[in-house]
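Residue 1044 in my numbering is what sits at position 867 of the sequence shown, and the numbering runs on without skipping anything.
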Amino acid sequence: MRSPPRARRLLWTAIAIGGLVATTVLGHRLGGHNALRQQTALAQQQLQLQAQALDQRIERYRALPQLLALDPDLRAAVAASVDAPTRERLNRRLEEANRTAQASTLTLIGADGTAIAASNWRTLGSNVGERYAFRPYVQQALREGSGRFYGIGVTTGVPGYFLSEALRDADGRAVGVIVIKLELTQYEERWPHAGSVVLASDRHGVVFLASRPEWRYRLLAPLTGSARAELEATRQYGSQPLRPFVGTIGDDALARIDNPAMPGRWVWQRTPLADTDWTLHLLQDATPVAVAAWQWAGIAGVSWIALVFVVLFAQQRLRLGALRRRSREELETLVRQHAEELRTAKDGLVAAAQEADTGLSRRLAHLPQGVVIIDARLRIVAWNARYIELFRFPPDLVRVGTPIEDVFRYNARRGLLGPGPVEETIERRLDHLRSGKPHARESEKSDGTVLEIRGNPLPDGGFVTSYADITAYKTTARELRTLADALEQRIAERTADLEQARREAEAANRQKGRFAAAAVHDLLQPLNAARMFVSALRARLPSAEARTIVDSIESALSAQDGILTSLLDVSRLESGTLQANVHDVPLGPVLEALAREAGVLAQARGLQLDAVPTHAWVRSDPVLLRRLVQNFLSNAVRYTAHGRILLGCRRVGTSLRIEVHDTGPGIAPNRQREIFEEFRRLDDGGGDDRGVGLGLSIVERIARLLGHRIDLRSQPGVGSVFSVTVPRVAPGDAAPVPVPEADDDDAPLRGCRVWVVDDAPQVCAATRLLLERWECDVLLADGPHAALAAAMHGQAPDIVLLDVRMGEHHGPTLLDTLCERWGAVPLVIVITGETDPALRAQAREAGHGFLSKPVRPPALRALMMQMRLRGH
């Protein structure tokens, strides 16, 4: 069949290429339109949800001005002149109402536009006495009864949404205005900050809310002269420069944005906000539209190519059907020719073997293997010199026509056929040659030579056998096996060494933990005694100057206590012995206790510490979380020379972020990572109590143990914000159990019989002195041997203060022996410097009290009072 003409091939090629281009372009357009329609619909849904959320937030506060406008006191205040006491009462009332409503400010304005009272009357930027007659929300309320306006506060400089309501006298005349200001920046922070952009613009096209700060106060359209005059008259945006938006928006809602710079194309959707003259905008990256368009184009192109291939395949099948019929005869002819050529080649091989008078074949001489060929009668017809060389045959043994059986017998006499009867071995080899089956095997000669023997039958009978010398290969293989065995042995030895090193390292780590626990125990014993001596000494000093010196000593001991505790925490965190007890806990009591403790230190340094109350519950270990935030507060108090410290929390999705703000010196960005290292501290703090640089290192380790995230935002010269993000959970049913406070009256401990069992004489003496000051009867204050000697049946004390590690004696074991001798079980408070958390759990299970050394006397007294009341 002739090939198609050139013109036809060009025509079909042009049709295929043109169809491919057309289907690709069509698929690109359809895919782009479909993706754009879907993304536009999704954007509209998201925009409606954002609009509903913003409208609901504003709707929450719309009724408050209307209710306050009905208040007789407020109406009377704007109807007549206000004296100073009345103004202060109104200020406090608005302050309380604003605290309940959780708005920004509440302001009472007279008919002349002057603010009479305001909820922010305590701050420097108070609204009281300021004139707001030029503000639209005042004019609208006096004219129409209510007003609304968004702008930047002329007094506070903080933007917000103002809702106003007129106060009327008995005749229905507007005599004043009550205004509530809402800050929408908190809602603005909930808008998405990655991928999408959410904007809110007023009726002049000015963007006043934006999820990205570079969009704020942008002009979406040029301002008219009247609009610009109105903005200047109302001072709506203060001194903020209104920058123009630069870009193009197509009819298909696709936009290109040059200023602010946003590469690529964006889907721009907008919707009006109900009951306002605002417009809400949503910008989404249009990359998925382009990707979908190209995917559709690819699918269309591939489909067209598949169609073309189907057509070509069908055409090829028709051509192949015709070719098969013609090729069948040609194939049969080729097979016959090939068979004839094989017979000719075999005859030529046999003839070549017979060319030389000696029977050596020149055609086989080049082969590296020894080769011998026998015919169907098992007689030699050809061989090469390598065959003679391998077996060292005599010159007259191998000739053309020599039976292979003679060669076998010659090799058998030399022992080359192996053990066993010779005739059976020879007959077995001859039977194998007659069967015509191929074979392959290895044979080792007496001199160590290893031969690889391969045999294959010939088409018309006979056999060809090759003998290859593989001695070098087998030697190399044995050497490799020996080397592999040696390597395995070395690997096993090295593995054993590494395992031994690991065991030694683990033993050293355990020894380090035991040494750290013992060292801390020994250090805490004299420190505990010193604190008790100081507490007892302070009550006996008559002069304030002497008590001040004692307070300084106690402060120094507290600082030493903090350093030891920090070192102990680092050791426990590194060794992994500190275990977290994570469960649902209310956050409010934890933060309130921390605020009270840090507030005393802050007040002593002339600082103001504020805490925002919370009712949230979180999932964490309350003890470790308290320690973490306590380090934040301690750092803030230590490094803040003057100003304010704020403790609070805010929701972040399903989590809660606990933040500590300070007005300290701030931290340079290149040094913010250093402060989380051990013994690292900056030289920017004021005072001499900057610590040893362990607090934030402990914070970082505790956060890693609990799986919480630590963040730091800081600006040199302004201050820092340390925060930890914890999982937020639904409030639980169980309320926190209050810990009874120690009463100033020591009467509950008067006459309480106490035993103090401790192996440190200083601790015993200090504890006895402290207990006697509380009017307790200290029956024993000595070591374990004295306790065993003094224990008698029926003379058990009311409370036992028991150490844990006392030389060869263990506190709980000693207690069991004492209880047997007393015949009773008294109240027990375990006092120890041990760091094992299991001790606290064991004491709790046994119903004992537990205190860690060094013991604070108020804590000891409170626990003794609590346990004694519980025992009664």
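For each residue, glycine too, the CB sits at the ideal point set by N, CA and C.
- Annotated three-state conformation of glycine 334 is coil, per DSSP.
- Beyond the five residues adjoining it in sequence on each side, alanine 617 comes within less than 6 Å, by CB distance, of Arg631 in the same chain, given in chain order.
- Residue ranges of uninterrupted beta strand (DSSP E) with 3 or more members, entirely inside the region 617–691 and ordered along the chain, are 627–634 and 640–646.
- The beta carbon of serine 388 sits closer than 8 Å to the beta carbons of Glu365, Trp368, Pro369, His370, Ser373, Val374, Val375 and Leu376 from its chain, once the five residues preceding and following it are set aside; these are given in chain order.
- Counting C-beta atoms within 10 angstroms of its own C-beta, aspartate 379 has 16 or more neighbours from the protein chains shown and is therefore classed as buried.
- Residues Asn268, Leu271, Thr282, Leu283, Thr284, Leu285, Ser303, Asn304 and Val305 of the same chain have their beta carbon placed closer than 8 Å to that of alanine 295, with the five preceding and five following residues left out of the count.
- Residue state for phenylalanine 710 is assigned as helix, using DSSP reduced to three classes.
- Minimum Cα-Cα distance from alanine 968 among the listed residues Thr944, Pro1003 and Leu457 corresponds to Pro1003.
- The continuous alpha helix (DSSP H) containing tyrosine 364 extends over residues 362–366.
- Secondary structure note for tryptophan 794: its beta strand (DSSP E) is the uninterrupted segment 794–797.
- Assigned with DSSP and collapsed to three states, glutamate 342 falls in strand.
- Per DSSP, the beta-bridge partners of glycine 324 are Ser341.
- The C-beta separation of leucine 628 from aspartate 646 comes to about 6 Å, placing the pair in contact by the 8 Å criterion.
- Contact annotation: arginine 442 and arginine 420 have beta-carbon atoms that are not nearer than 9 Å.
- The beta carbon of glycine 928 sits closer than 8 Å to the beta carbons of Glu952, Cys953 and Asp954 from its chain, once the five residues preceding and following it are set aside; these are given in chain order.
- In the three-state reduction of the DSSP assignment, tryptophan 443 falls in the strand class.
- One Cα belongs to glutamate 877, the other to alanine 757, and the distance between them is close to 15 Å.
- Annotation: leucine 978 to glycine 971 spans about 19 Å, alpha carbon to alpha carbon.
- Under the three-state reduction of DSSP, threonine 300 is assigned to coil, being neither helix nor strand.
- The Cβ-Cβ distance between glutamate 391 and proline 437 falls below 9 Å.
- Closest option to phenylalanine 568, judged by alpha-carbon separation, among Ala589, Leu778 and Asp232: Ala589.
- At the C-beta level, threonine 411 and arginine 312 come within 9 Å of one another.
- Proximity to proline 399 across Gly382, Gly415 and Glu409 peaks at Gly382, based on C-alpha coordinates.
- Per DSSP, reduced to three states, the secondary structure at valine 762 is strand.
- Inclusion of valine 806 and leucine 778 in the CB contact set at 9 Å is not warranted, their separation being larger than that value.
- Aspartate 936 sits away from aspartate 993, with the two beta carbons spaced by 9 Å or more.
- Annotation for serine 620: Leu628 and Ile630 place their beta carbon closer than 7 Å to its own, counting only its chain and skipping 5 residues before and after.
- Inclusion of lysine 358 and glycine 322 in the CB contact set at 9 Å is not warranted, their separation being larger than that value.
- With the rule of 3 Cβ pairs closer than 8 Å, the region 823–835 counts as touching the region 778–792.
- A straight-line Cα-Cα distance of about 11 Å links glutamine 222 and glutamine 215.
- The region 569–579 and the region 660–679 do not touch, with fewer than 3 CB-CB distances between them shorter than 8 Å.
- Approximately 3 Å separates the beta-carbon atoms of alanine 310 and glycine 290; this is inside 8 Å, confirming the contact.
- If you draw a straight line from the Cα of valine 423 to the Cα of glutamine 417, it is about 18 Å long.
- Pairing proline 598 with arginine 606, the inter-Cα distance amounts to about 13 Å.
- Boundaries of the alpha helix (DSSP H) harbouring proline 242: 183–246, taken from the DSSP string.
- With respect to the 9 Å criterion, alanine 228 and glutamine 446 are not classified as neighbours on the basis of their beta carbons.
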